[in-house]
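Everything in the sequence shown is counted per UniProt numbering, starting at 1 for the first residue and increasing by one.
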Amino acid sequence: MNVQEADNFETLSYSDIFLSCFSESGTHCVHSKPEHVLLYLYSGEQVIEDRNKRITIKAGECAFIRRDHRLTMYKNSKGKELYKGISLVFQRNVLRDFYSKMNKSEIPKDIKISDKSVFRLNKTPDIESLFQSLTPYFDSNLKPTEGVIHLKLLEGIYALLNNNEMLYPILFDFAEPWKIDLLDFLNDNYMDDLSMEQIASFTGRSLATFKRDFKKISSLTPQKWLINKRLEMAYIKLKEENKKVQDVCTEVGFKNLSHFSTAFKKQYGIPPTEVF
1 MNVQEADNFE
11 TLSYSDIFLS
21 CFSESGTHCV
31 HSKPEHVLLY
41 LYSGEQVIED
51 RNKRITIKAG
61 ECAFIRRDHR
71 LTMYKNSKGK
81 ELYKGISLVF
91 QRNVLRDFYS
101 KMNKSEIPKD
111 IKISDKSVFR
121 LNKTPDIESL
131 FQSLTPYFDS
141 NLKPTEGVIH
151 LKLLEGIYAL
161 LNNNEMLYPI
171 LFDFAEPWKI
181 DLLDFLNDNY
191 MDDLSMEQIA
201 SFTGRSLATF
211 KRDFKKISSL
221 TPQKWLINKR
231 LEMAYIKLKE
241 ENKKVQDVCT
251 EVGFKNLSHF
261 STAFKKQYGI
271 PPTEVF
C-alpha cells in the first residue's frame, strides 16, 4: 500500500485501486494514463474537462475513462460533503487474461466503435455492490490482499460489459496506442506547459517519431511553432478582447513577461503594450 498525503487530501493506493479523500478546498489535475480507468464517487463532485466538453460526476455516479486520453479533472467538495472517490485501473495484461477466458460466441457482434473518451455509466446493482464492498479500505489500517484486488478488477470488467456493450471493443482493443493527429493535438493544447517528450507521448509517438512526423507538417521546429501559435493568440486577445498584457502573457502559455514581450516585438514589430 502507498499512502500519499498533503494538506488537503489523502490517497491510498493498492496496486490498481486508488482511494482518494479531499478537504473543502478540492484539487485539480491532468489525467493521462495508458490504461482504462473506472471511477466512482461516494461524495463530493468531479468535473472532467475533455477539450470543450465538461462532464460532471456526482455522488453515487460512475464513469469510464478511455486509455490514452488527456483530460483535466476537478475534484471538489459539494456543500458539506467532502470529496471521496475511487478509481480502478485496468492493466492490459488483466484485460488480455479476461478476454482469453471469455466465450467468444457471447461477445456482441457489429458494435460501432465510439470515439468518446468518457462514458457516464448507468446505476446498476453490480456497480453499486462493487464499490460499496471497497469502502472498508478507506481505513488505511486495512489492506486488501492481491487476490481481493484482482477479484475486484474482474468485477469491474463484468460491471462495465453489463452496463454498456459499446465498451466491448474498447476494453478488448489490444493494439498499440494510436497516433493522434499532431495538428489537432497542438491546436487544442498549445497553451499548456508541455515538454516535447510529453507531447510525443500524448500523441502516441516516441520523441524521434514525433520530430520526424512534425517535419512533414511544418518547416518550423515544434518549439518555434508553439511560440508562433501563442503569439498569434496573444495578438488576438490584445487587439480584439482588450486584455491586459500580463494576463494575456499567462493565458497563452508564457511563463516570463520579458520573454513574451521580446518575442512579441520580434514577431510584430511593436511591443504588446502598443497593440490597440
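Cβ coordinates follow ideal geometry from the N, Cα and C atoms, glycine included.
Quick caveat: nothing in here was measured; it's all calculated off a predicted structure.
Going by DSSP in three states, residue i sits in which element: helix, strand or coil?
i           : result
L121        : strand
D7          : Unreliable placement is indicated for D7, whose pLDDT of 45 sits below 50; the coordinate value is still reported in the next sentence. Coil at D7, not helix or strand.
R67         : coil
M166        : helix
N2          : With a pLDDT of only 46 at N2, under the threshold of 50, the placement of this residue in the model should not be trusted; the figure read from the coordinates follows. If DSSP states are grouped into helix, strand and coil, N2 belongs with the strands.
E106        : helix
E232        : helix
I113        : coil
V47         : strand
residue 280 : Look at the range of the chain in this structure, 1 to 276, and you will see that residue 280 is not part of it.
T135        : helix
F75         : The question names Phe, but residue 75 in the sequence shown is Lys. If DSSP states are grouped into helix, strand and coil, K75 belongs with the strands.
F174        : coil
L220        : coil
I17         : strand
E81         : strand
P271        : coil
Are the Cβ atoms of residue i and residue j separated by less than 8 Å?
i    : j    : result
I17  : K152 : yes
L134 : I127 : no
F90  : I157 : yes
F174 : R96  : yes
M196 : L182 : no
S87  : L161 : no
L71  : S117 : yes
D188 : G253 : no
K33  : R67  : yes
F180 : G204 : Residue identity check: residue 180 is Ile in the sequence provided, not Phe. Contact flag set, yes.
L167 : F119 : yes
K266 : E251 : no
V248 : A234 : yes
V275 : K224 : no
S15  : I149 : yes
F185 : F202 : yes
The beta strand (DSSP E) spanning residue i covers which residue range?
i   : result
Y40 : 36-43
F90 : 84-90
K53 : 53-58
V30 : 27-32
Just to confirm the assignment, what range does the alpha helix (DSSP H) spanning residue i have?
i    : result
L194 : Counting along the chain, L194 falls outside any alpha helix (DSSP H), and DSSP gives it neither H nor E.
K262 : What sits at residue 262 in the sequence shown is Thr, not Lys. It spans 257-268 - the alpha helix (DSSP H) in which T262 sits, taken as one unbroken run.
T209 : 207-215
L182 : 182-189
T250 : 245-251
If we cut at 8 Å on Cβ distances, does residue i have a partner in chain B?
i    : result
K229 : Checking the listed chains, one finds no chain B in this structure; it contains a single protein chain.
Give the C-beta separation of residue i and residue j to the nearest angstrom, bearing in mind that I take them to be a contact with Cβ-Cβ under 8 Å.
i    : j    : result
H28  : M102 : At roughly 37 Å, the Cβ-Cβ gap does not stay under 8 Å, so H28 and M102 are not in contact.
H36  : L220 : Actually they do not touch by this definition, with Cβ atoms about 36 Å apart.
K75  : G85  : 7 Å
P271 : S261 : 6 Å
Y268 : R230 : The pair is not a contact, with the Cβ atoms about 13 Å apart (cut-off 8 Å).
L130 : E155 : 5 Å
Given 7 Å as the limit, tell me if residue i has its C-beta closer than that to any heavy atom belonging to the ligand NAD.
i    : result
T273 : The ligand NAD is not part of this structure, which contains no ligands at all.
Across the segment 136-143 and the segment 112-119, are there enough close Cβ pairs to call them in contact, namely three or more that are closer than 8 Å? With the rule of 3 Cβ pairs closer than 8 Å, the segment 136-143 does not count as touching the segment 112-119.
Flag this pair as touching only if the segment 41-52 and the segment 67-81 have three or more C-beta atom pairs under 8 Å; answer yes or no. Touching, yes, given that three or more Cβ pairs across the two stretches are closer than 8 Å.
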